[in-house]
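Heads up: the sequence lines are chains L and S, in that order.
Note that my numbering gives residue 330 to position 330 of the first sequence, counting from 1, and the numbers run on in steps of one.
Note that my numbering gives residue 574 to position 113 of the second sequence, counting from 1, and the numbers run on in steps of one.
Glycine included, every Cβ here is placed at the ideal spot set by N, Cα and C.
The structure displayed is predicted, hence computed values, not measured ones.
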Amino acid sequence: MSTAKAPVSERAFGWLDERFGVQKLVDWARHKEVPIGGHSMVWYYLGGTTLFFFTVQIVSGVLLLMYYQAGEATSYESIRYITTKVPFGWLVRSIHCWSAHLMIVSLVVHMFSTLLLKAYRKPRELTWVTGFGLFGLALGFGFSGYLLPWNELAFFATSVGTDSVKGVPLVGQWLLEVMRGGPDVTINTLYRFFALHVVILPVLTVGVVGVHLAFIQVQGMAKGMAHQKHDRPGLRFFPDFLVRDLLLWLCCLIVLAVLVYNLPYGPGVPGVEWELGKKANPLAPAYPGIKPEWYFLWIYQLLKEFPPHLFGMEGPQAALLVVTALMGTWALIPFLDRRARGGQPSPMFTDLAMAALIFLSYLTLQAWDIGGHRTLTAEPDPRAVAWACGLITLGIGSCITLLRALAYRSRWFILSFAALLQVVLNGLVHVDYLVAGAIALAVAVVGVKLLGRRLETGGAS
Amino acid sequence: MANDVTLKRRTLLNSLLGVGVLGWLSSLLYPVLRYLRPLSDTTAGPLKLTPAEVEAVEKNKLVIARSGNRKVIVFGVNGELRALDAKCTHEGCTVQFVPGDSVVLCACHNGKYDVDGRVLSGPPPRPLTKWVATREGGSITLTREPT
């Protein structure tokens with residue numbers, strides 16, 4: 001009588017374990033947990049959904065590479081060939097474009113949820129910094145990929161976007177020429193952006209994602225502020241959390257499929273559309289209504305708001321300085337938030353997130369010319385646009401503030417109040433945008449100095 | 462005492478090694494950085510319009526001509542030819558001439574210049590450089606005005 005043989009899967013596992021010690025990996029996976037309590041579990045899934053969309057980007061990008069040919073006479077033509085002749089070519093391109101936008105949405109929500117939950121607090125400062133790096137890389141993907149179809153919209157959006165770097169002190173001109181492959185946007189720019197988009201950025205992203213995930217594996221996911229000292233057992237990562245993760249990925253895939261099928265060229269909103277349009281002609285003048293992708297619209301609008309000269313600098317140079325300062329501050333939040341570092345509630349940084357949302361929303365809505373009427377020859381009335389966008393931002397901002405006060409018992413509103421003040425002054429009273437910003441900044445500084453500490457010790461996180 | 466000497470010697474050797482490594486890295490990096498910056502445009506001096514561009518000027522009173530890295534907009538105002546740098550001084554978009562308003566418009570951020578390239582409104586920080594258009598027989602030559 002022979003003893004029953006073990007199933008093939010077990011034997012295969014044993015074979016692998018004997019050689020590579022995979023049992024250790026399984027034991028580690030069994031002990032990995034996701035914290036429960038303090039806040040909704042949903043925020044823990046957003047990194048995963050971002051990774052999912054990034055994977056879709058890689059797969060659809062590789063498929064596009066099978067037909068795409070970079071070149072003055074081929075870039076536009078090959079994209080047109082993909083979308084009109086290649087079986088399901090339109091589908092692959094649409095998946096690539098839609099998932100790019102959804103990836104940025106997922107990433108932005110992930111970043112804001114991390115900020116609101118203070119998940120960046122000690123010892124996870126570098127996880128935030130690497131995450132911010134990934135956000136920068138994602139923007140780089142969007143910017144470099146925009147030019148590849150070599151159409152009119154891409155050409156001018158890239159001209160504006162790259163021109164901003166000339167304002168960088170000392171190395172601006174060098175950087176501009178390195179990015180463009182010359183002083184102007186030409187086909188050489190496309191070659192460089194193509195290399196950036198399909199080789200340099202993917203390699204960098206895989207590396208930084210690896211470091212970001214390694215930090216999370218070593219330190220575990222952050223517990224909610226209110227539950228950080230509780231020793232409650234968490235949800236098992238494998239298989240409980242992973243199965244939920246996969247289910248959400250499936251939902252994301254369904255959403256992607258619905259969007260791709262119903263709106264293959266985007267919803268038609270400026271900054272979220274990818275109709276091929278006309279081929280780029282470097283000698284054609286720019287036409288009205290050219291917008292970058294939606295996540296760059298706030299910078300686009302900021303460039304419009306700056307005067308030709310400010311404090312001895314040219315307008316675009318000053319705008320670039322402001323954007324750099326804001327981004328730099330954002331990257332350093334874990335090091336600036338001393339209260340969260342000490343494990344205490346830090347309502348000021350919750351309010352900072354709200355103020356940032358108000359600031360970005362107002363500029364983005366204005367860039368969309370909401371409330372104005374654009375014709376082929378005339379720009380919409382900036383006052384009408386500012387009025388409508390001011391009202392919308394004020395309405396939504398006030399509702400969120402009320403919700404925070406009533407539902408979350410928050411009492412710290414200095415920064416969001418300052419951001420709303422700028423919106424009111426510029427949008428409804430028509431004070432110059434930068435003057436309104438300076439007044440709001442002064443109010444914020446005085447408010448933080450006078451009331452900040454008192455509110456911080458008495459407010460919720 | 463002997464330890465101090467060893468320490469100083471080690472510090473010196475480490476410093477020399479550091480300088481050596483920096484030098485080695487620079488020698489690797491410099492060619493890459495130099496390679497990335499393209500050669501500068503060697504075309505200079507007057508820009509002669511091609512017959513097709515001359516025809517476009519005669520027919521439409523408007524053309525954007527290019528030679529090397531230079532892009533010039535040529536347009537007619539009251540029977541006179543005007544020529545300006547076609548790159549907006551704000552963010553480098555290509556400008557257009559709006560005959561009805563006699564303005565040169567950059568549609569990217571709504572910058573407006575007059576027919577002599579002076580800023581009328583919007584964010585452009587500098588005027589557009591003027592060029593002088595000279596007709597000689599059937600050809601048109603553009604010469605950059607000294608700034």
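Restricting attention to L/L297, L/V322, L/Y295, L/E293, the CA atom closest to the CA of L/F306 is found in L/V322.
Nearest in C-alpha terms to L/Q366, of all of L/D381, L/A356, L/A353, L/F112, is L/D381.
L/T84 sits exposed, since fewer than 16 C-beta atoms from the chains shown fall within 10 Å of its C-beta. In this structure L/G167 is in contact with L/E314, their Cβ atoms being roughly 7 Å apart against a cut-off of 8 Å. For S/K520, the enclosing alpha helix (DSSP H) starts and ends at 512-521. Annotation: the segment 394-426 of chain L contains the following complete segments of the alpha helix (DSSP H) (minimum length 4 residues), in chain order: 414-423.
L/F296 has a beta carbon lying at 7 Å or more from every beta carbon in chain S. Residues of chain L whose Cβ lies closer than 9 Å to the Cβ of S/N571 are, in chain order, P288, K304, E379, P382.
Beta-carbon to beta-carbon, L/L256 and L/W98 are separated by about 6 Å, close enough to satisfy the 8 Å threshold. Burial state of L/S410 is buried, judged by a 10 Å Cβ sphere holding 16 or more other Cβ atoms. Ranking L/F359, L/L363, L/W330 by CA distance to the CA of L/F349 puts L/W330 first. L/F241 is the residue among L/L247, L/Y362, L/F241, L/W15 whose C-alpha sits nearest the C-alpha of L/I36. L/L247: not part of any beta strand (DSSP E); member of the alpha helix (DSSP H) spanning 242-262, first to last residue.
Interface annotation for the segment 165-184 of chain L against chain S: W174, E177, V178, G181, G182, P183, D184, criterion Cβ-Cβ distance under 7 Å. Under the three-state reduction of DSSP, L/Q317 is assigned to helix. Excluding residues up to 5 positions away in sequence, V533, V535, W592, A594, L603 lie with their Cβ nearer than 6 Å to the Cβ of S/A544 in the same chain.
Non-local beta-carbon contacts of L/A444 in its own chain, meaning distances under 7 Å to residues more than five positions away in sequence, involve I414, L415, A418 in chain order. When S/E519, S/P492, S/R470, S/V482 are compared, the shortest CA-CA separation from S/G540 is found for S/E519.
The residue from L/S398, L/F296, L/Q344, L/L363 with its alpha-carbon nearest to that of L/F143 is L/F296. In this structure S/L589 is not in contact with S/T555, their Cβ atoms being roughly 11 Å apart against a cut-off of 8 Å.
At a beta-carbon threshold of 7 Å, the residues of chain L lying near S/L497 are V178, ordered along the chain.
Contact of S/N539 with chain L by beta-carbon distance below 8 Å is absent, the smallest such distance being about 21 Å.
L/D245 and L/C389 have their C-alpha atoms roughly 37 Å apart. A Cβ-Cβ separation of about 5 Å places L/Y300 in contact with L/P292 under the 8 Å criterion.
Residues of the same chain with a CB within less than 8 Å of the CB of L/A214, apart from the 5 flanking positions on each side, do not exist.
Minimum Cα-Cα distance from L/G234 among the listed residues L/L148, L/P7, L/L25, L/V34 corresponds to L/V34.
Shortest Cα-Cα distance from L/S94 to any of L/P267, L/F132, L/G427, L/W368 involves L/P267. Against chain L, the CB of S/N521 has no partner CB under 7 Å away; the residue lies outside that interface. With 16 or more other Cβ atoms inside 10 Å of its own Cβ, L/F359 counts as buried.
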